[in-house]
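I have placed the structure first, in the form of structure tokens, so that the comments after it can refer back to it.
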Amino acid sequence: SSEVTGIKVYVSSDAVGTNKAAVSGILGAGVNSLSISAATVLPTASSFFVFYASSSLEEQSTPSAAAITDVDGSVQSMTFLTDFLDLTTLTGDLTFGAPVGGASKIASYATYMAENAAGQNRQQVGGAIAPGGTRQVTFSGISPSSYTHFVVYSTSNSLG
């Protein structure tokens, strides 16, 4: 008998691991999350994450599976209203609407100031916020001139 020492995560064309391709090394016991970059290119026809328990002896032969759901989490109609009177402090209301079609999958948003729309050299403004609503942002003592954009990232706690 051997104990589970970790989990290996793959993408696959079905829930039983056909045409699987690894997306991680072995995740240690107790690790229950994995971040995959939005720029990751998945093999064609990958529609499931499959999870195989591993031990010091071998990898499990039958995986657990979760369907991959890829929805656009981009916020809509972002606006920033301010009375820009001080070059060292930026204060105002950043408002944005929920994504079209994917709102039910959104767990939270993170707001940043960045040097461009791609989020280069971004700096987070506040912590995670619930979907919807208005975000009050304040940068004190930092020149906003190095930042030209607000970017908003969405997170999801759901695989499917």
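Just so you know, we're using the numbering used here here: the sequence shown kicks off at 2 and counts up by one.
Beta carbons: idealized from backbone N, C-alpha and C, even for Gly.
Cβ-Cβ distances below 6 Å link residue 120 to 152 in the same chain, with the five nearest sequence neighbours on each side left out; the list follows chain order. Between residue 82 and residue 93, the C-beta spacing is below 7 Å. Rounded to the nearest angstrom, the Cβ distance from residue 5 to residue 40 is 31 Å, too far for a contact under 8 Å.
Secondary structure of residue 21 (DSSP, three-state): coil.
Secondary structure within the stretch 23-87: not one fully enclosed alpha helix (DSSP H) run of 4 or more consecutive residues is present. Looking at the backbone, the Cα of residue 132 and that of residue 117 are separated by about 23 Å.
With fewer than 16 other Cβ atoms from the protein chains shown falling within 10 Å of its own Cβ, residue 44 counts as exposed. Between the alpha carbons of residue 115 and residue 129 lies a gap of roughly 17 Å.
Going by DSSP, residue 12 is part of the beta strand (DSSP E) stretching over 5-13. A Cβ-Cβ separation of about 21 Å leaves residue 14 out of contact with residue 54 under the 8 Å criterion. Cβ neighbours of residue 26 within its own chain (closer than 8 Å, five residues either side excluded): 9.
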